[in-house]
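Everything below concerns the one structure shown next.
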Amino acid sequence: TGEGGSSPRSGVLPPVGDTGESVSRSGEVASSLGESSLGGSVLPIEAHRARIVAQILAHRVTCVEGQTGCGKSSMVPVFLVDDGRARGERVRVLVTQPRRIAAISLAHRVAQQMGA
4 TGEGGSSPRS GVLPPVGDTG ESVSRSGEVA SSLGESSLGG SVLPIEAHRA
54 RIVAQILAHR VTCVEGQTGC GKSSMVPVFL VDDGRARGER VRVLVTQPRR
104 IAAISLAHRV AQQMGA
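Below, the structure is given as structure tokens:
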């Protein structure tokens, strides 16, 4: 692999979420970007949706780097399911976290965002 993830098997994106938003002590992202289609505040990662989905579809491995609270864990699964549905495909997304409770909490949050 070359610098910048030039391997056809991996995609490396520049950091997401460095747009001046602030993170409160409770971990909530304060942003003036508006409302998302899911009814909540738009997270910084929303601006990179098309590029992230394209990278994931084009590469076997994709690394998404971003600030805490930018939406990496909660929004990328939504991007993938929405894209698959738009193409008429059934999409299954596996989410992992370092601890079981974190993975379960994240899965519940994503399901809630998607209205499930």
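Each residue of the sequence shown is one higher than the one before, starting from 4 at the first, in the working numbering.
No residue lacks a Cβ here, since even glycine has one placed at the ideal position from N, Cα and C.
Going by other Cβ atoms of all chains shown within 10 Å of its Cβ, with 16 needed for buried, is residue i buried or exposed?
i: V45; result: buried
i: C66; result: exposed
i: M78; result: buried
i: I104; result: exposed
i: Q58; result: buried
i: S76; result: buried
i: H51; result: buried
For a quick check, are the C-beta atoms of residue i and residue j less than 8 angstroms apart?
i: E49; j: G74; result: yes
i: P101; j: G69; result: no
i: V113; j: D86; result: no
i: V96; j: L83; result: yes
Between residue i and residue j, what straight-line distance do the alpha-carbon atoms span, to the nearest angstrom?
i: A61; j: T99; result: 21 angstroms
i: Q115; j: V81; result: 11 angstroms
i: R54; j: A106; result: 25 angstroms
i: A89; j: G118; result: 17 angstroms
i: G91; j: R63; result: 21 angstroms
i: H111; j: V94; result: 17 angstroms
Complete runs of the beta strand (DSSP E) confined to the stretch 58-106 [at least 3 residues]: Segments of the beta strand (DSSP E) lying fully in the stretch 58-106: 64-66.
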